[in-house]
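Engineer:
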Amino acid sequence: TQLLEQSPQFLSIQEGENLTVYCNSSSVFSSLQWYRQEPGEGPVLLVTVVTGGEVKKLKRLTFQFGDARKDSSLHITAAQPGDTGLYLCAGAVNTGFQKLVFGTGTRLLVSP
Amino acid sequence: EAQVTQNPRYLITVTGKKLTVTCSQNMNHEYMSWYRQDPGLGLRQIYYSMNVEVTDKGDVPEGYKVSRKEKRNFPLILESPSPNQTSLYFCASSPFWTDFPNTGELFFGEGSRLTVL
Numbered sequence: 001t002q003l004l005e006q007s008p009q010f011l012s013i014q015e016g017e018n019l020t021v022y023c024n025s026s027s028v029f030s031s032l033q034w035y036r037q038e039p040g041e042g043p044v045l046l047v048t049v050v051t052g053g054e055v056k057k058l059k060r061l062t063f064q065f066g067d068a069r070k071d072s073s074l075h076i077t078a079a080q081p082g083d084t085g086l087y088l089c090a091g092a093v094n095t096g097f098q099k100l101v102f103g104t105g106t107r108l109l110v111s112p
Numbered sequence: 113e114a115q116v117t118q119n120p121r122y123l124i125t126v127t128g129k130k131l132t133v134t135c136s137q138n139m140n141h142e143y144m145s146w147y148r149q150d151p152g153l154g155l156r157q158i159y160y161s162m163n164v165e166v167t168d169k170g171d172v173p174e175g176y177k178v179s180r181k182e183k184r185n186f187p188l189i190l191e192s193p194s195p196n197q198t199s200l201y202f203c204a205s206s207p208f209w210t211d212f213p214n215t216g217e218l219f220f221g222e223g224s225r226l227t228v229l
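For the record, the sequence lines run as chains A and B. Each residue of the first sequence is one higher than the one before, starting from 1 at the first, in the working numbering. Each residue of the second sequence is one higher than the one before, starting from 113 at the first, in the working numbering.
1. Step through the CB atoms of chain A and report whether any lies within less than 8 angstroms of the CB of residue 221 of chain B.
2. Taking any Cβ of chain A, which residues in the stretch 184-206 of chain B have a Cβ under 7 angstroms from it, in chain order?
3. Taking C-beta pairs closer than 9 angstroms, name the residues in chain B that residue 104 of chain A reaches, listed in chain order.
4. Residues of chain B with a CB under 8 angstroms from the CB of residue 43 of chain A: which are they?
5. On the criterion of 16 or more Cβ atoms from any shown chain inside 10 Å, does residue 106 of chain A qualify as buried, or is it exposed?
6. Taking C-alpha atoms, which residue in A:46, A:24, A:4 lies nearest to residue 61 of chain A?
7. Quick one: residues in its chain with C-beta nearer than 8 angstroms to the C-beta of residue 11 of chain A, no 5 flanking neighbours on either side, listed in chain order?
8. Ordered along the chain, which non-local residues of its own chain (more than five positions away) have a Cβ less than 6 angstroms from that of residue 112 of chain A?
9. So for residue 150 of chain B, helix, strand or coil by DSSP?
10. At 3 residues or longer, and completely inside the stretch 65-110 of chain A: list those beta strand (DSSP E) runs for me, N to C.
11. Between residue 184 of chain B and residue 172 of chain B, how many whole angstroms is the CB-CB distance? I'm expecting something under 8 angstroms.
12. Among the candidates A:41, A:75, A:69, whose CA atom is the shortest distance from the CA of residue 59 of chain A?
13. Counting contacts by CB-CB distance shorter than 8 angstroms, is residue 40 of chain A in contact with chain B?
14. What residue range does the beta strand (DSSP E) around residue 47 of chain A cover?
15. Got a sec? Which residues, its chain only, sit under 8 angstroms from residue 125 of chain B by beta carbon, not counting five neighbours each side?
16. Measure from the C-beta of residue 64 of chain A to each C-beta in chain B and report whether the shortest distance is under 8 angstroms.
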């Protein structure tokens, strides 16, 4: 079973700070997704990265897929209270069809 | 509005009392899946369905059953719930993933919090 470890597990910061969340595995993934989950709701897709080394930006969020496609990072610049939530990475493995393996999650709290 | 609807949202039950969590999607998606979410473990897949009448086990299928008689519905059945099935459950759907390696997006319901006493 593929494992995706996220770090840190918890992060509490002040508005305006920068932060990076890491998603690591010993397995190679064909693509990697990042989801954000707010309290009382299901996860919502933020981005999909496909190519090793790929960088995608979504406003203040920057996502990078590792060159070897085993890891990914999410960097948030000037965090805002609206960024608060649970961030989940999910790697796609080909088991005859595409299967998503989810990471352990990073809970982010941004205080005003 | 395109959505995945789960019911009930909250349920407290006792050991051994059969229960069903319903899931319905209105996006004509072929793929549907059930996950459970536990602190520090992320989302773990219970069962999935590639299409009507096609289901298969995920990573943690023990104690659960599913059926896919219609494209839009994918109920999760706990025949004899036990306390270790206390968890937050999510149903998700996606268009069939034919665009390898660009994995399709998963659309999640709002979750069903189940407590088994």
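Note that beta-carbon positions come from the ideal geometry of N, C-alpha and C, so glycine has one too. Quick caveat: nothing in here was measured; it's all calculated off a predicted structure.
Structural biologist: On the basis of the data shown:
1. yes
2. 202
3. 152, 153, 154
4. 155, 202, 218, 220
5. buried
6. A:46
7. 19, 21, 106, 107, 108, 109
8. 15, 81
9. strand
10. 71-76, 85-94, 98-102
11. Between residue 172 of chain B and residue 184 of chain B the Cβ distance is about 25 angstroms, and since that is not below 8 angstroms, they are no contact.
12. A:75
13. yes
14. 44-49
15. 131, 193, 226, 227, 228, 229
16. no
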